[in-house]
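Below is one structure, written out as structure tokens; comments come after it.
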Amino acid sequence: MSHQRQPEDAAALEAIRSLLGDVLPTNPFYGRKYASVGCSALPASLDDFRTRFPPTTKSELVADQSASPPYGSNLTFPLTAYTRCHQTSGTHGAPLRWLDTAESWSAMTDAWVEVLRQAEVGPGDRAFFPFSFGPFLGFWLAFEAAQRLGVLSLSGGGMSSILRLRVLLEQGFTVMCCTPTYALHLAETARAEGVDLSRSRVRRILVAGEPGGSQPTVRARIESAWPGARVFDHHGMTETGPVTFESPELPGSLVLLDAQFHAEILDPQTLAPVPEGSRGELVLTTLKRIGSPLIRYRTGDWVLPRRWRGTWAFEGGILGRVDDMVVIRGVNLYPSAVEAVVRSLDAVGEYRVTIDRSLDLAAVSIEAEAPEETCRELAERLHGALSLRMAVTSVPTGSLPRFELKAKRWRFVQPSA
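Under the working numbering, think of the first position of the sequence shown as 93, with each following residue one higher.
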């Protein structure tokens, strides 16, 4: 196919025109951005929108906040209209501060309500959030959405992992929200402390923050560790709010919240639409976050788009980050691909990947909390799956870092200056 057509094109175009009509007259960031390229007229079609209105990048937003501290100029309303401030994690570059009005916050909470509903969470459930909320947006939204649904909710901020397990079991929580890594870490802690998770009443584990939630090996590992629980993936960002949900009818894929977003899937090099079924970068326009909007925002996320019930579904969830790919001896290597192979072996606990560029030929090595025999098997599986030889070294259990939020398992050794 020569180009993508967004489902419900007329409705999508109307929503985009309404957004631009609200934003362009009063938002300094987008007013300047589009005036500089002569985009004064509203788009006549979705193709017109794509070709005339250039994408927004994170580097632009970072530069804008640096030039107009502390919040930048991507503000459609006076500062007094904003009631929430959140901040990105800074995992991929400098952190961004993001403001929301009460209206945009309510719309994003509605989106999170849909994430929970699709995971079959509702009144009568009890939801546990085993982390400190901090400045990140998603935790607060999820907590408020659960309350809006009538779900008894508790934050585990400030608790140790063993105390969180005790609370989880004693109070009979049925839903848990965390990263895939932390779900596995809690299970590991339970084994070490002699806590029997078969006594857990957790039936739904909602995960995000890492690609692993849609990977079959990671999902199977989590569901095996938490008997009777089913994993539901979703994803979002502080800049966008919740973007996708996982439907019980389409496991292993993420479905776009299309009432909240207009999505494009583009070739990151040419910015041309990719055919359905071909991998591309997800580009989003926030339709209801008018106070601090994003128009054609390059998320940096790889997705594999398919049509499903009139919207986009992304097979395998978020496949990785465009900027996370490393090339080793001609092989394109993604963290999510390594994760999928590592998690196929139950005997591997935590692991760490080192990319050594100080050598004549860059090399990849892995430290794994696993027996020597398992490490040899892992090296064989990695070579078979990725066509790349990696040295896998056994290290003692508990010797590698644990992560409550996004895991940072990759480290890079650069050539000496």
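Glycine residues also receive a C-beta, built at the ideal position from the N, C-alpha and C atoms.
Going by DSSP, methionine 417 is part of no beta strand (DSSP E) at all; its letter is neither H nor E.
Here DSSP, grouped into helix, strand and coil, assigns tyrosine 426 to coil. Exposed is the label assigned to methionine 417, since fewer than 16 other Cβ atoms lie within 10 Å of its Cβ. Taking a cut-off of 8 Å on C-beta distances, the region 298 to 315 touches the region 260 to 276, as three or more cross pairs fall below it. Each residue's CA atom was taken as its position, placing glutamate 315 and tryptophan 204 some 23 Å apart. Within the region 436 to 494, the complete beta strand (DSSP E) runs of at least 3 residues fall at 443 to 448, 455 to 460, 483 to 486. Secondary structure of glycine 230 (DSSP, three-state): helix. In the DSSP assignment, no residue is bridged to proline 343.
Within the DSSP bridge table, the entry for tyrosine 389 names Thr148, Leu376 as partners. Looking at the backbone, the Cα of arginine 144 and that of valine 375 are separated by about 15 Å. For glutamine 263, the secondary structure class from DSSP, reduced to helix, strand or coil, is coil. As the crow flies, the alpha-carbon of alanine 199 is around 26 Å from that of proline 161. For tryptophan 204, the uninterrupted alpha helix (DSSP H) run begins and ends at 194 to 210, by DSSP.
Around the beta carbon of valine 335, 16 or more other beta carbons sit within 10 angstroms, so the residue counts as buried. Between proline 147 and arginine 390, the C-beta spacing is below 8 Å.
If you compare the alpha carbons of Ala355, Val395, Gly383, Val347 with that of serine 370, the shortest gap goes to Val395. Separation of the CB atoms of glutamine 307 and glutamate 431 is rounded to 7 Å, and the pair is thereby assigned contact status at 8 Å. The Cβ-Cβ distance between valine 243 and proline 222 does not fall below 8 Å. Sequence-distant partners of leucine 478 (beyond 5 residues in either direction) whose C-beta falls short of 8 Å from its own C-beta, in its chain, are Val423, Leu425, Ala429, Val430, Val433. DSSP links cysteine 177 through a beta bridge to Leu191. According to DSSP, glutamate 407 shares a beta bridge with Ser345. Within the region 106 to 175, no run of beta strand (DSSP E) at least 3 residues long lies entirely inside it. Relative to the Cα of leucine 480, the nearest Cα in the group Glu280, Glu465, Leu453 belongs to Leu453. Inclusion of leucine 278 and leucine 257 in the CB contact set at 8 Å is warranted, their separation being smaller than that value. Assigned with DSSP and collapsed to three states, serine 252 falls in coil, not helix or strand.
Nearest Cα to leucine 260 within the set Gln239, Phe220, Met251: Phe220. Secondary structure of aspartate 217 (DSSP, three-state): coil. Ranked by Cα distance from arginine 401, the options Asp350, Thr266, Asp393 are led by Asp350.
With contacts defined by Cβ atoms closer than 8 Å, alanine 321 and arginine 295 form a contacting pair.
In the structure shown, histidine 326 adopts coil according to DSSP, grouped into three states. By a beta-carbon distance limit of 8 Å, isoleucine 357 contacts valine 366. Their separation comes to about 5 Å. Bridge pairing for tryptophan 400: Thr403 [DSSP].
In the DSSP assignment, valine 310 falls outside any beta strand (DSSP E) and within the unbroken alpha helix (DSSP H) covering 308 to 317.
Leucine 298 is bridged by DSSP to Cys269, Phe324. About 6 Å separates the beta carbons of tyrosine 174 and glycine 383, which is inside the 8 Å limit, making them a contact pair.
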